[in-house]
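Numbering (UniProt numbering), first residue to last: 1 to 312.
Heads up, the beta-carbon is just placed ideally off N, CA and C, and yes, glycines get one too.
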């Protein structure tokens with residue numbers, strides 16, 4: 001506390017009782033603000049330490065394909081694209097190398113483990129913490145439990161720290177984009193979102209709705225691929241529109257986050273092709289609504305459901 005503030009709240013025995021009470025209120029207010037600030041710093045630091053410990057523990061666990069030549073599972077999947085991009089020109093990056101074979105080196109494994117943890121702590125975690133603080137408001141105390149449960153979201157932590165993946169990089173850039181949009185920095189937010197989009201895109205399998213509905217209706221036998229693409233696009237847009245319309249009528253942070261969750265879920269359920277990890281695009285913005293008084297319980301159920309498919 002500066003000397004000017006101390007002088008301002010200095011209480012003299014000759015003060016008027018009313019003035020004396022006002023000064024006491026100022027003292028109490030300043031003390032509370034200092035306590036909240038210090039307490040929040042301790043909570044953030046403790047949460048980051050816990051995140052680092054859990055991520056490090058996951059890094060020493062086995063993974064699919066561990067010590068199983070010649071494929072070596074998840075490790076080889078990530079190591080191989082590194083080998084391609086380092087040793088070949090861009091025009092040949094995705095051409096199979098004649099001499100490339102499955103390889104499992106302890107040095108490269110440590111490099112990948114540490115690179116995942118470091119980028120997780122430097123890019124993804126700070127953005128998530130800042131958004132949680134922004135949700136709570138500067139006047140409120142942050143809950144350690146609240147911060148820990150979003151940082152330790154198992155859907156992302158297990159995949160990246162235990163399986164040599166870098167999904168947190170694109171998702172971290174996505175969170176920084178949300179933060180920039182919240183601050184009204186549209187150009188910066190757009191640039192960050194483009195970086196997130198270009199870092200990683202996932203597609204592999206038929207989306208959930210089409211897979212389930214195909215039990216009753218054999219779409220591939222009835223419609224051409226071109227028509228199926230048009231149908232899926234129309235279905236995605238139609239399920240996104242209600243939340244986008246609400247956001248247009250009342251543009252605020254809460255509606256923006258709800259629209260992000262709904263639009264991501266629409267793509268996951270109805271788009272032409274998806275990957276199971278695309279559910280992370282639903283789960284990460286949903287974390288920002290976990291403390292919402294109206295939607296909190298429903299979001300908790302959604303996040304628990306998100307994790308189910310990722311663990312198998």
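- Shown here for residue 218: not one same chain residue has a beta carbon closer than 7 Å to its own, the five before and five after excluded.
- Nearest Cα to residue 146 within the set 173, 193, 131, 185: 131.
- Residue 57 counts as exposed, since fewer than 16 other C-beta atoms from the protein chains shown sit within 10 angstroms of its C-beta.
- Within the DSSP bridge table, the entry for residue 274 names 205 as partners.
- Here the alpha carbons of residue 165 and residue 82 stand approximately 12 Å from one another.
- According to the DSSP assignment, residue 246 belongs to the alpha helix (DSSP H) that extends over 225 to 249.
- Around the beta carbon of residue 196, 16 or more other beta carbons sit within 10 angstroms, so the residue counts as buried.
- A direct Cα-Cα distance of roughly 32 Å separates residue 123 from residue 245.
- Of the other Cβ atoms in all chains shown, fewer than 16 fall within 10 Å of the Cβ of residue 211; this residue is therefore exposed.
- Between residue 285 and residue 260, the gap from beta carbon to beta carbon is short of 7 Å.
- Cα atoms of residue 49 and residue 170: separation of roughly 23 Å, rounded to the nearest angstrom.
- Residue 215 and residue 303 have their C-alpha atoms some 27 Å from each other.
- One alpha carbon belongs to residue 249, the other to residue 239, and they sit about 17 Å apart.
- The residue among 43, 256, 61 with its C-alpha nearest the C-alpha of residue 178 is 256.
- Going by C-alpha positions, residue 155 is about 18 Å away from residue 297.
- Remark: C-beta atoms of residue 299 and residue 290 approach each other more closely than 7 Å.
- Taking a 10 Å sphere around the C-beta of residue 39, we find fewer than 16 other C-beta atoms and assign the residue as exposed.
- Counting other Cβ atoms within 10 Å of its Cβ, residue 234 stays below 16 and is therefore classed as exposed.
- Residues of the same chain with a CB within less than 6 Å of the CB of residue 263, apart from the 5 flanking positions on each side, are 240 in chain order.
- Residue 168 and residue 119 do touch by the CB rule: their CB atoms are close to 7 Å apart, below 8 Å.
- Take the alpha-carbon of residue 116 and the one of residue 222: they are about 45 Å apart.
- Spatial neighbours of residue 188 in its own chain (CB-CB distance under 6 Å, excluding positions within 5 residues in sequence) are listed in chain order as 180.
- For residue 283, the enclosing alpha helix (DSSP H) stretches over residues 280 to 287.
- Annotation: residue 144 to residue 224 spans about 53 Å, alpha carbon to alpha carbon.
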